[in-house]
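Heads up, the thing below is written out as C-alpha cells.
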Amino acid sequence: MLPRMQPKSPDPRREKNQKYQQNNRNQQPSRPQISQMKTNRGEAIRSGRRNMETADKAVDRWKLFEKHHEQRANFIPLNEPEKIRIVPLGGQGGIGEKNMIVLELEKDALILDCGFDLSVDLPGVNFAIPATEYLESIKHKIRGYVISHGHMDHIGALPYIVPKFPAPIYGSHFTNGMVQKQFEGAVESGIEFTPECINMTMDNHERLVNGPFTIELVRITH
Ligand SMILES: [Zn+2]
Numbered sequence: 000m001l002p003r004m005q006p007k008s009p010d011p012r013r014e015k016n017q018k019y020q021q022n023n024r025n026q027q028p029s030r031p032q033i034s035q036m037k038t039n040r041g042e043a044i045r046s047g048r049r050n051m052e053t054a055d056k057a058v059d060r061w062k063l064f065e066k067h068h069e070q071r072a073n074f075i076p077l078n079e080p081e082k083i084r085i086v087p088l089g090g091q092g093g094i095g096e097k098n099m100i101v102l103e104l105e106k107d108a109l110i111l112d113c114g115f116d117l118s119v120d121l122p123g124v125n126f127a128i129p130a131t132e133y134l135e136s137i138k139h140k141i142r143g144y145v146i147s148h149g150h151m152d153h154i155g156a157l158p159y160i161v162p163k164f165p166a167p168i169y170g171s172h173f174t175n176g177m178v179q180k181q182f183e184g185a186v187e188s189g190i191e192f193t194p195e196c197i198n199m200t201m202d203n204h205e206r207l208v209n210g211p212f213t214i215e216l217v218r219i220t221h
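What follows is the structure in C-alpha cells.
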C-alpha cells in the first residue's frame with residue numbers, strides 16, 4: 000500500500016519570493032496607452048532639428064560634388080600624367096547634335112570634330128554650336144582639330160570656334176575641302192579667318208605626330 004501523499008507544508012522562502020514579485024509588479028508604472036500619449040514639445044523641436052541636419056548633410060554632399068567637379072574640370076593630377084581625359088562638349092544627344100569631343104592629357108589637348116547642332120527649332124535660330132567655356136580653361140593645351148568627316152554636325156561650328164582657339168585642322172582632302180567652304184561661307188557673318196588645314200591620306204595609313212598625340216584617319220562606313 001502506497002503512503003498517502005501529505006499536503007506540502009508551505010515553504011517560507013517560496014512565499015517570501017512570491018510576495019516580493021507581487022509588490023514589485025504593483026510598483027511598476029503602468030504604460031500609457033497609445034491613445035493617451037502626448038507629443039512632447041521639446042522632443043518635437045529636437046526631432047525637427049534632426050531632420051534639418053539630415054537635409055543639410057544631404058545638400059552638403061552635393062556641394063562637395065560640385066566643388067570636386069570644379070577642381071577636376073581642367074585638372075589632371077601630376078601623379079597621373081599618363082591619364083587621358085575624354086570630354087564630350089556635344090554629340091551625346093543623338094544624330095545631328097554638335098559633335099565635339101576633347102581628348103586631353105596633362106599639358107595637351109586635341110579636339111575631335113566641331114559641329115553644328117541642327118536639331119535647334121527656335122524662331123530666328125538656324126543652328127547652335129558647342130559651348131566653349133571649357134575650351135577657355137584649356138586654351139593653352141589645344142594642339143589641333145581632327146575632323147572625322149564633312150557633315151555639318153561635325154564641321155559647322157569650326158568658323159565660330161577655331162578663330163577663338165586657333166590650331167591646325169586635320170582631315171581628309173575631301174573633308175578639308177568642305178571645311179574651307181564653311182570658312183568661306185562664314186565671311187558673310189563677318190568671320191574672316193584662313194584656317195590651317197592639313198590633308199591626310201587614309202589609304203597608306205599616314206600618321207602625323209602632334210605633341211604626345213599620333214593622328215591617323217581610318218576609312219569606315221558612316
Ligand atoms: Zn555624318
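Take 0 as the starting number for the sequence shown in numbering that gives the first Met the number 0 and just add one per residue.
Note that CB positions come from ideal geometry on N, CA and C, so glycine has one too.
Note that this is a predicted model, so its numbers are computed, not measured.
Count the other C-beta atoms from every protein chain shown that fall within 10 angstroms of the C-beta of residue i, then say buried if there are 16 or more, exposed otherwise.
i, result
"residue 202", "exposed"
"residue 91", "exposed"
"residue 217", "exposed"
"residue 175", "buried"
"residue 206", "exposed"
"residue 51", "exposed"
"residue 81", "exposed"
"residue 42", "exposed"
"residue 227", "Within the shown structure, residues of the chain are numbered from 0 to 221, placing residue 227 beyond reach of any answer."
"residue 189", "exposed"
"residue 47", "exposed"
"residue 123", "exposed"
Among the options, which has the Cα closest to the Cα of residue i?
i, options, result
"residue 215", "44, 147, 129", "147"
"residue 163", "145, 95, 151, 141", "141"
"residue 110", "209, 219, 220, 41", "209"
"residue 99", "125, 144, 56", "144"
"residue 85", "118, 134, 126, 47", "134"
"residue 165", "56, 139, 180", "139"
"residue 213", "221, 220, 204", "204"
"residue 118", "46, 199, 94, 177", "94"
"residue 151", "180, 131, 40", "180"
"residue 130", "149, 160, 123, 48", "160"
"residue 114", "46, 40, 89, 104", "89"
"residue 221", "177, 149, 193", "149"
Is residue i a contact residue of ligand 1, with contact defined as CB to any heavy atom under 7 Å?
i, result
"residue 172", "no"
"residue 150", "yes"
"residue 204", "no"
"residue 153", "yes"
"residue 221", "yes"
For my contact list, residue i and residue j are in at a C-beta cut-off of 8 Å; report their separation, rounded to the angstrom.
i, j, result
"residue 128", "residue 156", "4 Å"
"residue 97", "residue 116", "4 Å"
"residue 158", "residue 185", "4 Å"
"residue 107", "residue 153", "About 22 Å separates the two Cβ atoms, so there is no contact after all."
"residue 195", "residue 167", "4 Å"
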